[in-house]
Structures are given as C-alpha cells and as structure tokens.
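In the working numbering, the protein residues as written are 48 to 178.
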Ligand SMILES: [Zn+2]
C-alpha cells in the first residue's frame with residue numbers, strides 16, 4: 048500500500064506551475080505533441096510531478112504517435128490508481144498517482160505486447176530523472 052500524500056488545494060497551487068496544476072488537480076489535458084517528454088527516449092525514470100513517486104520507466108516508453116508520452120506498463124502496479132471516466136461522452140479509464148491522486152492521463156487497451164496496454168500520460172504530470 049502506497050503512503051498517501053495529502054495537501055490542500057492552496058498548497059498544490061503553490062507547489063505546481065499553473066499548467067501542472069490544471070492537469071494534475073483539475074484533470075486538464077495538454078495539447079498533443081506539445082509536452083516536454085513526448086520525444087524523450089533517454090534512459091531514466093518518470094516520477095509524479097506533484098509528489099515524486101516513481102510511476103514509469105523509460106524501458107516501457109514507446110512511440111504511439113498519439114502526441115503524448117506512452118508507456119506499456121507502470122513501474123510497479125501499486126504506483127497507479129485507475130478510475131472509470133465517463134466525461135466527454137466517452138468511456139475511458141483514467142489513471143492517477145496512487146500516492147497523491149494527481150491526474151496522469153488515461154490507459155487504453157491498444158498497446159504493444161505483452162501487456163497490450165497504452166498508458167497515455169501528460170508530460171505535465173511527469174518529472175523525468177535521467178539515469
Ligand atoms: Zn503523486
């Protein structure tokens with residue numbers, strides 16, 4: 048079980064840039080192909096921008112051509128929480144940081160083998176740490 052990180056909205060606002068706040072706390076989506084990590088292929092780890100929990104590894108990153116960083120598997124199953132999202136007249140699965148409930152993006156079932164998953168994640172929710 049992941050230790051929970053709880054902060055007030057004012058604390059999150061102070062901690063995050065307005066763009067990071069809009070995505071992680073208000074579930075906004077960055078424009079496709081605009082994100083800092085969309086074209087990052089160096090080895091390293093991807094962490095939650097809000098609380099620092101490790102979420103993904105560069106080994107799992109692949110080019111989905113969708114305009115957002117895409118991963119086939121989480122760094123560990125406990126790092127990611129999932130919730131059904133019925134907004135925008137679609138049925139999607141939202142993914143969140145399990146520690147601080149920051150919105151990360153969505154997971155789809157059209158990813159590469161062996162998982163068949165595509166975690167479609169906003170760069171603004173991530174902090175890359177090169178190896
Ligand atoms: Zn987090």
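C-beta: ideal position from N, C-alpha, C; glycine also.
Exposure of residue i, with buried meaning 16 or more beta-carbon neighbours within 10 Å
{"i": "residue 136", "result": "exposed"}
{"i": "residue 53", "result": "exposed"}
{"i": "residue 161", "result": "exposed"}
{"i": "residue 88", "result": "exposed"}
{"i": "residue 176", "result": "exposed"}
{"i": "residue 55", "result": "exposed"}
{"i": "residue 61", "result": "exposed"}
{"i": "residue 163", "result": "exposed"}
{"i": "residue 82", "result": "buried"}
{"i": "residue 57", "result": "exposed"}
{"i": "residue 77", "result": "buried"}
Continuous beta strand (DSSP E) stretch holding residue i: start and end
{"i": "residue 57", "result": "Residue 57 -> not in any beta strand (DSSP E); alpha helix (DSSP H) instead, spanning 56 to 62."}
{"i": "residue 165", "result": "165 to 168"}
{"i": "residue 140", "result": "139 to 144"}
{"i": "residue 174", "result": "173 to 177"}
{"i": "residue 128", "result": "127 to 132"}
{"i": "residue 92", "result": "91 to 95"}
{"i": "residue 155", "result": "150 to 155"}
{"i": "residue 104", "result": "101 to 104"}
Delimiting residues of the alpha helix (DSSP H) encompassing residue i
{"i": "residue 69", "result": "65 to 71"}
Option nearest residue i by Cα separation, candidates the options
{"i": "residue 110", "options": "159, 93, 70, 57", "result": "159"}
{"i": "residue 92", "options": "123, 59, 104, 151", "result": "104"}
{"i": "residue 178", "options": "63, 94, 146, 50", "result": "94"}
{"i": "residue 127", "options": "118, 116, 144, 113", "result": "144"}
{"i": "residue 168", "options": "65, 59, 71, 49", "result": "71"}
{"i": "residue 125", "options": "134, 108, 147, 139", "result": "147"}
{"i": "residue 116", "options": "59, 166, 132, 98", "result": "166"}
{"i": "residue 107", "options": "97, 90, 113", "result": "90"}
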